[in-house]
Amino acid sequence: MDNKNFEPPINWNDYEDIALGLYEKFGDDFTESKIYRIRFTDLLEWVLSLPNFAGTREQANEGHLEQIQSAWVYEWRDNQ
């Protein structure tokens, strides 16, 4: 049975969950320096496309995207 169907929705303040989702999606395609160079427009689209993500484009702001980048870097470091 797929547990993804039973996961709670992810929102903009769930930085660690978003970072984990991005790491699972992209793996080691992005290193620390590459993560920090991602355009916010691209990052926004990737976050919106994550399974169980319930936030909206209108709720996004630069602070959220910066926090997501930082959390993604920590997730990447933890897996090296």
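Numbering-wise (the UniProt record's numbering), the sequence shown opens with residue 1 and increments by one. Ideal placement from N, C-alpha and C gives every residue a C-beta, glycine not left out. Here the structure is a predicted model, which means the values were calculated and not measured.
- Taking 8 Å as the cut-off, the beta carbon of residue 63 is found no closer than this to the beta carbon of residue 11.
- Linking residue 14 to residue 50 through their CA atoms gives a straight-line distance of about 12 Å.
- Residue burial annotation: residue 65 is buried, with at least 16 other C-beta atoms found within 10 angstroms of its C-beta.
- Residue 32 and residue 57 have their C-alpha atoms roughly 25 Å apart.
- In the DSSP assignment, residue 21 falls within the alpha helix (DSSP H) that extends over 15 to 26.
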